[in-house]
Amino acid sequence: MAAECEIVSNAGNCYNAGQFCRKADIGRSTHAGNGRMIHCRQDGSQARWGY
Numbered sequence: 009m010a011a012e013c014e015i016v017s018n019a020g021n022c023y024n025a026g027q028f029c030r031k032a033d034i035g036r037s038t039h040a041g042n043g044r045m046i047h048c049r050q051d052g053s054q055a056r057w058g059y
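Each residue of the sequence shown is one higher than the one before, counting from 9 in the numbering used here.
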């Protein structure tokens, strides 16, 4: 399934909404494990993936 995800975690897995994202990914988008588009945004002091 990781082949569908443009950006994967350091472990090679697809991200899902609600998970933390890397600072380098802030402002970027990818497909989540469920196929929906998610975006990395700053959420307070942490960056998270969300719809």
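For every residue, glycine included, the Cβ atom is placed at its ideal position computed from N, Cα and C.
Alpha carbon of residue i to alpha carbon of residue j, nearest angstrom
i: residue 13; j: residue 29; result: 14 Å
i: residue 47; j: residue 35; result: 7 Å
i: residue 43; j: residue 52; result: 26 Å
i: residue 24; j: residue 50; result: 15 Å
i: residue 55; j: residue 31; result: 7 Å
i: residue 61; j: residue 16; result: Absent from the model: residue 61. The displayed extent of the chain is 9 to 59, so no value can be given.
Terminal residues of the beta strand (DSSP E) in which residue i lies
i: residue 37; result: 37-39
i: residue 48; result: 45-51
Buried or exposed (CB count within 10 angstroms, at least 16 for buried), residue i
i: residue 59; result: exposed
i: residue 19; result: exposed
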